[in-house]
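Asker: This is the structure I have questions about; it appears just below.
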Amino acid sequence: MKILTLNTHAWAEEDQLNKISQLADFINTHQFDVISMQEVNQSMHEAALSAEELKHYFATESDAVIKKDNYAYVLLTQLTETYYWTWIPAHIGFQKYDEGLAILSRTPITQAFGEYVSYMRDYDNYRTRKIMGIKTAVQGEGEAAWFVNGHYNWWDDEQEPFKGQWELTESKLAPYMDQPLYIMGDFNNVAEVRGEGYDYMMSKGWNDLYTTAEQKDDGATVVKAIAGWADNKRDLRIDYIFSNRPVQAKSSTVVLNGKNGPVVSDHYGVAVEI
0 MKILTLNTHA WAEEDQLNKI SQLADFINTH QFDVISMQEV NQSMHEAALS AEELKHYFAT
60 ESDAVIKKDN YAYVLLTQLT ETYYWTWIPA HIGFQKYDEG LAILSRTPIT QAFGEYVSYM
120 RDYDNYRTRK IMGIKTAVQG EGEAAWFVNG HYNWWDDEQE PFKGQWELTE SKLAPYMDQP
180 LYIMGDFNNV AEVRGEGYDY MMSKGWNDLY TTAEQKDDGA TVVKAIAGWA DNKRDLRIDY
240 IFSNRPVQAK SSTVVLNGKN GPVVSDHYGV AVEI
């Protein structure tokens with residue numbers, strides 16, 4: 000099983016259409032089973048897609064309207080394999096987009112959910128956060144599993160600190176924990192910083208597929224100053240794939256970093272093979 004997670008920085012990148020094509024080529028080459036993406040944006044005032052254009056779309060939130068420039072949809076049109084997919088909006092991004100989360104799956108989605116993990120529910124405020132999850136049986140894996148996608152706030156955020164969001168996450172995931180579950184995304188908490196978000200997650204019994212992988216690199220997915228890390232001058236590991244059961248991955252690799260695939264976002268991606 001191959002999993003990819005990437006904060007796409009959608010429509011905020013220079014040369015965005017070319018970068019989408021580069022990402023599509025990368026996915027076509029590696030044929031990931033599940034792809035989790037954050038900051039998946041669409042223009043708020045763009046026209047909606049037709050039912051025919053959404054034939055492989057699974058409606059996680061019935062009132063979500065998918066627009067023609069939805070980043071995930073534009074990407075999907077360039078993929079050679081059929082991917083089933085879903086998307087939910089979380090808040091307004093960059094003052095003009097519906098910003099949300101997307102998951103793509105090579106196997107059909109049988110169930111899905113979206114949940115707030117912030118106490119804030121203000122669509123105009125970027126601190127409003129959600130998670131989304133899909134259930135699918137990845138080909139060759141036998142038992143179906145849940146794949147959950149999230150984009151979180153920072154440990155010391157004054158209005159919506161990470162600890163409270165993770166506590167809400169744990170409560171929202173409780174009904175699904177009797178089955179294999181993977182949660183991934185941009186956690187905005189640095190693995191190397193002790194006593195903060197990463198340690199808090201680990202204290203809850205989660206398995207970090209990076210730390211248990213047979214083969215791995217340095218794991219850093221942010222290596223410069225970016226939005227949310229404006230003063231950053233070091234390499235950060237803040238994008239993760241966790242499992243709720245002991246799993247040893249064959250490999251965990253930073254990708255889309257100019258070495259393993261082209262740079263397509265202000266974050267690098269993480270690819271795990273299990």
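Residue numbers (numbering that gives the first Met the number 0): 0 to 273.
From the three backbone atoms N, C-alpha and C, an ideal C-beta is built for every residue, glycine too.
Taking 7 Å as the cut-off, decide whether the C-beta atoms of residue 123 and residue 91 are in contact.
Answerer: yes
Asker: For the beta strand (DSSP E) that contains residue 119, what are its first and last residues?
Answerer: In the DSSP assignment, residue 119 falls outside any beta strand (DSSP E), carrying neither H nor E.
Asker: Report yes or no: do three or more beta-carbon pairs, one from the region 232-247 and one from the region 182-195, lie closer than 8 Å?
Answerer: yes
Asker: Sorted by chain position, which residues of the same chain lie with C-beta nearer than 7 Å to residue 87's C-beta, five sequence neighbours on each side aside?
Answerer: 59, 60, 63, 99, 100, 113, 129, 131
Asker: Apart from the five residues on each side of it in sequence, which residues of its chain come closer than 8 Å, Cβ to Cβ, to residue 216?
Answerer: 251, 252, 253
Asker: If you reduce the DSSP assignment to three classes, tell me which class residue 165 lands in.
Answerer: helix
Asker: Mark residue 249 as exposed unless 16 or more other C-beta atoms lie within 10 angstroms of its C-beta, in which case mark it buried.
Answerer: exposed
Asker: Of the residues 167, 148, 3, 196, which one's Cα is nearest the Cα of residue 155?
Answerer: 196
Asker: Just reading off the beta strand (DSSP E) that residue 271 is part of, what are its end residues?
Answerer: Segment 268-272, the beta strand (DSSP E) holding residue 271.
Asker: Just to confirm before moving on: does the CB-CB distance between residue 185 and residue 150 stay below 7 Å?
Answerer: In contact: residue 185 and residue 150 (Cβ atoms closer than 7 Å).
Asker: Below 8 Å on the Cβ atoms is my guess for residue 70 versus residue 145; work out the distance and round it to an integer in Å.
Answerer: Not really, about 23 Å apart at Cβ, beyond 8 Å.
Asker: Using the Cβ count rule (16 or more neighbours within 10 Å means buried), how would you classify residue 194?
Answerer: exposed
Asker: Determine whether the beta carbon atoms of residue 82 and residue 53 lie at a separation below 7 Å.
Answerer: no
Asker: If we ignore side chains and look at the alpha-carbon of each, how far apart do residue 200 and residue 165 end up?
Answerer: 8 Å
Asker: Please report the residue range of the alpha helix (DSSP H) in which residue 72 lies.
Answerer: Residues 70-75.
Asker: Give me whichever residues DSSP pairs with residue 180 in a beta bridge.
Answerer: 145
Asker: Quick one, which of 0, 2, 1, 8 has its alpha-carbon nearest residue 262's?
Answerer: 8
Asker: Cα separation between residue 221 and residue 140?
Answerer: 31 Å
Asker: Please classify residue 255 as buried or exposed, where buried requires at least 16 neighbouring CB atoms within 10 angstroms.
Answerer: buried
Asker: I think residue 1 touches residue 272, with their Cβ atoms under 8 Å apart; what is that distance to the nearest whole Å?
Answerer: 5 Å
Asker: Classify residue 19 as helix, strand or coil using the three-state DSSP reduction.
Answerer: helix
Asker: Are the CB atoms of residue 42 and residue 68 within a distance shorter than 7 Å?
Answerer: yes
Asker: Should residue 148 go down as buried or exposed, given a rule of 16 or more other Cβ atoms within 10 Å for buried?
Answerer: buried
Asker: Rounded to whole angstroms, how far is the Cβ of residue 242 from the Cβ of residue 181, which I believe are closer than 8 Å?
Answerer: 5 Å
Asker: Taking the alpha carbon of residue 138 as the reference point, which residue from 167, 162, 108 has its own alpha carbon closest?
Answerer: 108
Asker: Taking the continuous beta strand (DSSP E) assigned at residue 196, which residues delimit it?
Answerer: Element bounds for residue 196: not the beta strand (DSSP E) but the alpha helix (DSSP H), 196-201.
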